[in-house]
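So the sequence lines, in the order shown, correspond to chains U and Y.
Counted from 1, the first sequence has number 225 at position 215 by my numbering; the numbering is strictly sequential.
Counted from 1, the second sequence has number 176 at position 47 by my numbering; the numbering is strictly sequential.
Reviewing the structure listed below.
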Amino acid sequence: MSYGPKPWLQRHWDVRAALNFILGGTGAGLLFSTALVALVVPGWRLPLALGLALIAAGLGAVWLEIGRKLRAVHVFFNPRTSWMTRESFAALLVFALGATALALGRPWAAQAAGLAALLFVTCQGRILHASKGIPAWRTAGITPLIVLTGLAEGSGLHLLVTAGGGATRAPLLLFTLAVVARALTWRSYRANLGRGAPLKALASGAKWLLYGGTLAPLALLLAGFVAPQLAPAAAMLAGAAALAAGWHFKFRLITRAAFNQGFALPRLPVRGRS
Amino acid sequence: MTRWVMVADLRRCVGCQTCTAACKHTNATPPEVQWRRVLDMEVGEYPQVKRAFVPVGCMHCADPPCMHVCPSTATRRRADGIVTIDYDLCIGCAYCAVACPYQARYKTDAATFAYGEPMPSEAQRFDPRRIGVATKCTFCSDRIDAGLEQGLKPGVDPEATPACVNSCIAKALHFGDLEDPQSNITQLLAENQFFRMHEELGTDPGFYYLWDRAP
């Protein structure tokens, strides 16, 4: 069997793992957006519940991937060094605070859940960064990219579920900042990644991220600003575009760009010398 | 202190895969799982082409990324440098497998056998604890531990030495204590030039490749 030094795609984490990053990131972004917007806008219960459901669905998807499902509780055993353990504890915190907010109707708990969700999505970024076997994941800049992708998706979904963000501009402002920051972070990450198979695999995702997930939403928001009667629909469309682009990008990042680095021979054997 | 490491002399390896077969026999690994494998690598372009056979597997790193990422603490590093997996703790999340820069870890989700139905030897040695969890080279730690208890010296006495090293027909594989200034390993490293795979990642692997004699 010949492997050679050519990298190949990892097969350990498939779409089930990708769904944890996709749904978990979006849910966390939605909770964070809700937490910020809840300061100025009432009606945070629906997005909060949706955010919690998304995170739970993502964790459920990755649970389907583990080999020993009945031992899942062991995931909490290594908070000292494992970002997966830390992600699990952050998820517990998110659910505890979210449930408190929903049960007692306390906005402060919703805001605290939003902050915990930020911690959760940061852990997701660090999970990838700690994967030393996968250059596309361990690259510097992956953590802010994952966090901002989650925020862009979550704030986009917030526009969708609140029919354009409601009466105030706060959700629109947050969404605009998130998609622009996501695009800038992608550029920085791409510079660190260098050329090679991972970048090629991410090319279509990046195109969607920049055009469908950044420029199109910004154009739609501008159209809504110029024609206020179109603003709610334009904002919802913009949110949906940013959401879809983020999901597509993360799917490719986990399942298509995750090449290992193969094997390297810095020196060749010198034979025939006594 | 002791640190068990392995040395592969790339000038001697002929790519016969006997170490791979010996490992499979000793550890009863299923099809597609090779804790010790030998890469057949071609480097360069015609007419300047060279071929090298490169034994790989778990490098038993001093700073193993697989251990740091493991959420269940199933992966640990013993005081003698051997990186282990507790099959009863592992949840099979495969995070270690994507964290390992050497593609040394396997996860088998279902029992598989060479010819479909298990042969008597496969049935006898099948270990259900290995299903759905991460597995990898152990440096034959059970042989080392048993040998040490009998006063034997790993790397010197075959009964206390990893099976792949014992089986090598070209004496390309060696095993020993890096911390012992008199060990076979220490002497080999002093007499030859060597490198370690992906050293730039800072994992401090315990697998050395000899490529030329010392200048």
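Note that CB positions come from ideal geometry on N, CA and C, so glycine has one too.
| Check | Outcome |
| --- | --- |
| Proximal chain Y residues relative to P279 (chain U), where beta-carbon distance stays under 7 Å | L139, R140, A181, W340 |
| Presumed contact (8 Å Cβ cut-off) between W23 (chain U) and V227 (chain Y), rounded CB distance | 6 Å |
| L277 (chain Y) in three-state terms, based on DSSP | helix |
| Pair within 9 Å by beta-carbon distance, L139 (chain Y) and L278 (chain U) | yes |
| Interface residues of chain Y facing R78 (chain U) [CB-CB closer than 8 Å] | C219, I220, G221, G261, V262 |
| Where the beta strand (DSSP E) through A48 (chain U) begins and ends | From DSSP, A48 (chain U) is part of no beta strand (DSSP E); its letter is neither H nor E. |
| T195 (chain U) vs G151 (chain U) beta-carbon contact at 9 Å | yes |
| Residue(s) in a DSSP beta bridge with T153 (chain U) | For T153 (chain U), which the question treats as bridged, DSSP gives no partner whatsoever. |
| Residues within the region 86-110 of chain U neighbouring chain Y, beta-carbon criterion of under 8 Å | F86, F87, N88, T91, S92, W93, M94, T95, S98 |
| Cβ pair G221 (chain Y), R90 (chain U) closer than 9 Å | no |
| Interface partners of F324 (chain Y) on chain U, CB under 7 Å | P276, R277 |
| Neighbour-count burial assignment, T178 (chain U), 16 or more Cβ in a 10 Å radius | exposed |
| Cβ-based burial, H189 (chain Y) [other Cβ within 10 Å; buried from 16] | buried |
| Backbone CA spacing between I214 (chain Y) and A239 (chain Y) [nearest angstrom] | 19 Å |
| Q253 (chain Y), DSSP secondary structure in three states | helix |
| Rounded separation between F182 (chain Y) and L168 (chain Y) - CA only | 5 Å |
| Any chain Y beta carbon closer than 9 Å to G143 (chain U) | yes |
| R81 (chain U): contacting residues in chain Y (beta-carbon distance under 7 Å) | I220 |
| Chain-ordered residues of the region 172-201 of chain Y with a beta carbon less than 7 Å from chain B | Structure shown: chain B not included; protein chains present are U and Y. |
| Whole-angstrom distance between R26 (chain U) and L69 (chain U), CA atom to CA atom | 9 Å |
| Length of the line joining the Cα atoms of D306 (chain Y) and C225 (chain Y) | 26 Å |
| Where W54 (chain U) meets chain Y, residues with beta-carbon distance less than 7 Å | By Cβ distance, chain Y contributes nothing, its closest Cβ being about 32 Å from W54 (chain U), past 7 Å. |
| Contact with chain Y by S12 (chain U), beta-carbon distance below 9 Å | With a pLDDT of 48 at S12 (chain U), under the threshold of 50, the modelled position of that residue is not reliable, and the figure given next carries that caveat. Answer yes: the Cβ-Cβ gap between S12 (chain U) and chain Y drops below 9 Å somewhere. |
| For Y213 (chain Y), the three-state DSSP class (helix, strand or coil) | Note on residue identity: the sequence assigns Thr, not Tyr, to residue 213 (chain Y). Strand, per DSSP. |
| Buried/exposed call for E97 (chain U), threshold 16 Cβ in 10 Å | buried |
| 7 Å Cβ cut-off: residues of chain Y touching W23 (chain U) | A223, V227 |
| Closer than 9 Å to chain Y by CB, Q134 (chain U) | no |
| Spatial distance of M326 (chain Y) from V136 (chain Y) (CA atoms) | 12 Å |
| Presumed contact (8 Å Cβ cut-off) between C148 (chain Y) and P184 (chain Y), rounded CB distance | 6 Å |
| Cβ-Cβ distance between Q20 (chain U) and A268 (chain U) below 9 Å | yes |
| Cutoff 9 Å: A216 (chain U) Cβ touching any chain Y Cβ | no |
| Residues of its chain near Y231 (chain Y), where Cβ-Cβ distance is below 6 Å and the 5 sequence neighbours each way are ignored | M188 |
| DSSP state of Q271 (chain U) mapped onto helix, strand, coil | coil |
| Neighbour-count burial assignment, M130 (chain Y), 16 or more Cβ in a 10 Å radius | exposed |
| Which of helix, strand or coil DSSP assigns to W196 (chain U) | helix |
| Every unbroken beta strand (DSSP E) inside the region 130-195 of chain Y [3 residues or more] | 133-138, 165-174, 177-186 |
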